[in-house]
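Peer 1:
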Amino acid sequence: MHNIQITGARLLDLRFPTSRESIGSDAVNKDPDYSAAYCILDTNQAGLHGYGLTFTLGRGTELCVEALRYLSRFAVGRSLEEITADFNAFSNLLTGDTQFRWLGPEKGVIHLATAALLNAVWDLYARAEGVPLWQLLAGMPVEQLLNAVDFRYISDALPREEAGELLRARAAGMEQRLERLRATGYPAYTTSVGWFGFSDEKIAALCDQALAEGWEYFKLKVGGEPASDLRRARLVRQKIGGRKLMMDANQKWDVCEAIERTRALAEADPWWMEEPTSPDDILGHARIRRETGVRIATGEHCQNRVMFKQLLQAGAIDVCQIDSCRLGGVNENIAVLLLAAKFGVPVCPHAGGVGLCEYVQHLSVFDYLRVSASLDDRVIEYVGHLHEHFTDPVRIRNGHYLLPEKPGYSAEIYPETLATYNYPQGTYWRLNP
Ligand SMILES: [Mg+2]
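Just so you know, we're using this note's numbering here: the sequence shown kicks off at 92 and counts up by one.
Right under this line is the structure:
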């Protein structure tokens with residue numbers, strides 16, 4: 092990695108028309124067009140680029156792209172080495188801009204944009220080193236990993252020294268863990284069988300198909316009419332037998348309603364109830380967990396490490412669902428992996444959308460190899476859409492993610508796809524406005 096200079100940033104608004112088939116629909120997000128603010132970093136080296144994205148649901152993606160356009164000025168003109176030598180300092184440039192941070196800080200549109208840019212820089216770094224991102228992270232000395240993390244606002248729960256001790260203590264056995272991943276892959280669950288807008292017949296058929304493919308964990312969208320939720324839950328339970336069934340309410344309920352509805356659905360034995368109420372209601376999640384006895388999951392709308400710290404401190408969650416694009420890129424995801432390990436809470440990343448499956452597989456593999464050192468109660472979400480647009484798509488075998496092998500962070504999208512789904516000028520959107 093010698094004298095790699097970032098010379099430019101190309102930014103795109105990409106939108107896929109998934110709402111036309113109810114793909115991705117849930118009780119709250121009824122018509123998502125899976126979309127991304129997408130970033131290509133150009134360098135002074137022929138053929139070397141960094142590709143990054145943040146995930147959105149369609150309308151408003153242009154706001155993320157504009158925020159990304161502003162933030163990209165901090166990357167362009169810098170050398171990769173200068174960034175990676177003190178990665179947290181670079182991350183702080185993005186999150187701490189003295190005027191821009193008023194729009195957050197570390198939340199909302201500007202944090203989504205921060206994620207896209209940091210993800211692109213990490214992709215470039217891994218490509219320059221010629222390894223997949225998980226391998227780059229797994230091979231990093233403890234101090235270098237800690238230097239990528241912003242311990243500000245979390246050091247009361249996890250001081251830097253303690254994070255270092257945790258990483259050193261978990262180093263033993265990494266080779267055996269890697270062998271296990273090479274042999275079987277990382278366990279996954281499917282969300283593709285139970286979207287909110289699917290008919291009972293479609294759900295039943297998709298369950299049969301998923302069972303034939305070897306899936307052991309299934310997720311169902313709930314948050315509709317109580318009788319409809321229960322009917323759908325019984326249908327999936329009857330189809331999958333004793334395998335694991337998770338339920339996802341996507342923030343639909345008030346706290347008291349969430350308690351009532353979760354109790355009613357407990358009949359179908361949910362392995363977890365996901366996002367039962369507002370993603371910002373830490374104490375509400377704790378109460379729902381306490382009063383239902385059902386395992387509680389959240390995180391895909393948890394905006395930063397400080398919120399995750401409080402969810403963990405309050406005993407509000409049983410499952411920590413990091414999001415590779417809502418948290419501030421790889422850096423902040425490492426922080427939350429460390430926090431979850433300290434509190435002994437399993438991380439089961441949010442994925443699906445566009446590119447999230449490609450991303451989180453790297454984070455979970457790193458978590459297993461270096462941080463949690465465990466696969467107990469850990470599964471990565473999987474949704475079977477849009478992978479064909481990626482040059483290094485996820486590979487699933489028998490309900491497991493296979494280890495990514497190509498250099499980078501797996502988010503490069505084919506040029507033809509960019510030309511087709513660029514919004515609003517792409518060929519698809521010109522023909523189908
Ligand atoms: Mg969810």
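We put the CB at the ideal spot given by N, CA and C, even for glycine.
Measuring from the CB of H441, is there a heavy atom of ligand 1 at a distance below 7 Å?
Peer 2: Result yes, Cβ under 7 Å from ligand 1.
Peer 1: Using a 10 Å radius around the Cβ and a threshold of 16 neighbouring Cβ atoms, would you call L374 buried or exposed?
Peer 2: It is exposed - the Cβ of L374 has fewer than 16 other Cβ atoms within 10 Å.
Peer 1: When you compare the CB positions of V240 and L132, do they come within less than 8 Å of one another, or not?
Peer 2: Against a cut-off of 8 Å, the Cβ pair of L132 and V240 comes out as no contact.
Peer 1: Give every residue of the same chain whose Cβ lies closer than 7 Å to the Cβ of G221, excluding the five residues on either side of it in the sequence, and list them in chain order.
Peer 2: Contacts found: P498.
Peer 1: Tell me where the beta strand (DSSP E) around I387 begins and ends.
Peer 2: Looking at the DSSP string, the run of the beta strand (DSSP E) that includes I387 is I387 to T389.
Peer 1: Of all the options M265, L237, G264 and Q267, which has the alpha carbon lying nearest to the alpha carbon of E253?
Peer 2: Comparing Cα-Cα distances from E253 to each of M265, L237, G264 and Q267, the minimum goes to L237.
Peer 1: When you measure from the CB of D320 to every non-hydrogen atom of ligand 1, does any distance come out below 7 Å?
Peer 2: Incorrect: D320 has no Cβ contact closer than 7 Å to ligand 1.
Peer 1: Can you tell me whether DSSP reads H202 as helix, strand or coil?
Peer 2: Looking at H202 - three-state DSSP - the assignment turns out to be helix.
Peer 1: I think L154 touches V200, with their Cβ atoms under 8 Å apart; what is that distance to the nearest whole Å?
Peer 2: Correct: roughly 5 Å between the Cβ atoms.
Peer 1: Is E472 helix, strand or coil when you go by DSSP?
Peer 2: In this structure, E472 counts as strand in the three-state DSSP scheme.
Peer 1: On the DSSP bridge list, what partners appear for V438?
Peer 2: According to DSSP, which records beta bridges pairwise, V438 is partnered with C411.
Peer 1: Less than 7 Å separating the Cβ of D104 from some heavy atom of ligand 1?
Peer 2: No, ligand 1 has no heavy atom inside 7 Å of this Cβ.
Peer 1: Closer than 7 Å to a non-hydrogen atom of ligand 1 - does that hold for the CB of D371?
Peer 2: Result no, Cβ not under 7 Å from ligand 1.
Peer 1: Going by C-alpha to C-alpha distance, which of A204, Q267 and I97 sits closest to T175?
Peer 2: Comparing Cα positions, the closest option is I97.
Peer 1: State the DSSP-derived secondary structure class of T368, mapped to helix, strand or coil.
Peer 2: Residue state, collapsed to three classes: coil.
Peer 1: Taking 7 Å as the limit between beta carbons, can you name the residues of its chain near I379, skipping five residues before and five after?
Peer 2: Answer for I379: V346, A349, I350, T353, P367, T368 and I387, listed in chain order.
Peer 1: Let's test the definition: count the other Cβ atoms within 10 Å of the Cβ of S182 and tell me whether it reaches 16, buried, or not, exposed.
Peer 2: By the neighbour-count rule (16 or more Cβ atoms within 10 Å), S182 is buried.
Peer 1: From W344 to A263, what does the alpha carbon distance come to, in whole angstroms?
Peer 2: Cα-Cα distance, rounded: 44 Å.
Peer 1: State buried or exposed for L522, treating a residue as buried only when at least 16 other CB atoms are found within 10 Å of its CB.
Peer 2: Flag for L522 reads exposed.
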